[in-house]
Amino acid sequence: MGDREFVAPNSFILRITRDEWYRQVFTIKKYYPGIGRRWEPGGVILLARNAEKGDSFVGCGILDRFVGRDVLPEDKKRECEMMGWKGELVFSELYRFEPPLPIKQTILSVSRARGKCFHGYPLTQRQVEAILATAKQKCVLQRTD
Numbered sequence: 002m003g004d005r006e007f008v009a010p011n012s013f014i015l016r017i018t019r020d021e022w023y024r025q026v027f028t029i030k031k032y033y034p035g036i037g038r039r040w041e042p043g044g045v046i047l048l049a050r051n052a053e054k055g056d057s058f059v060g061c062g063i064l065d066r067f068v069g070r071d072v073l074p075e076d077k078k079r080e081c082e083m084m085g086w087k088g089e090l091v092f093s094e095l096y097r098f099e100p101p102l103p104i105k106q107t108i109l110s111v112s113r114a115r116g117k118c119f120h121g122y123p124l125t126q127r128q129v130e131a132i133l134a135t136a137k138q139k140c141v142l143q144r145t146d
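For what it's worth, the numbering used here labels the leading residue of the sequence shown as 2, then goes sequentially.
This is the structure:
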């Protein structure tokens, strides 16, 4: 296939905009995306939000499964419909980065994407590996149980 690098179909950045959702994702190990993607078990999801030093990675997770809103319990299904969420991402592993890792200190510093454009941003395997290597050097990765 030559030297062309392909996007790993299951690696994305998801941006958290509200404090409540930030706390929730690390408490229940679930995220409710408002965007559709090809969510696959084993996929790497990097979580980002606006932090003290600008847009930063605040954690990452390994996707266990995606549960479409149509098969969620009725109360959660109604909430998803009201909020425009597609379903529920359930993480098998979830790590918080302390301190948050500014995106401008990663391989994505050269990317044209900024702010909300990072939401749903697909990542190549090489980008994921480079970001995680930088995170391991500059942050403490705290596993959420």
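Even glycine gets a Cβ: it sits at the ideal position worked out from N, Cα and C.
By the neighbour-count definition (other C-beta atoms within 10 Å, threshold 16), Ser93 is an exposed residue.
Between the segment 96-106 and the segment 131-141, the count of C-beta pairs closer than 8 angstroms reaches three or more; the two stretches touch.
Counting the other CB atoms within 10 Å of its CB gives Ile14 a total of 16 or more, which places it among the buried residues. Taking a 10 Å sphere around the C-beta of Ala134, we find fewer than 16 other C-beta atoms and assign the residue as exposed.
According to the DSSP assignment, Cys61 belongs to the beta strand (DSSP E) that extends over 55-69. Trp40 is positioned such that its CB atom lies no closer than 8 angstroms to that of Leu73.
Beta bridge pairing from DSSP links Ile46 with Phe13, Gly62. The C-alpha of Val68 lies about 6 angstroms from the C-alpha of Gly88. Between Tyr33 and Val59, the CB-CB gap reaches or exceeds 8 angstroms. Beta bridge pairing from DSSP links Tyr32 with Leu90. Distances from the alpha-carbon of Arg144 to those of Gly43, Glu53, Arg97, Pro123 put Arg97 closest.
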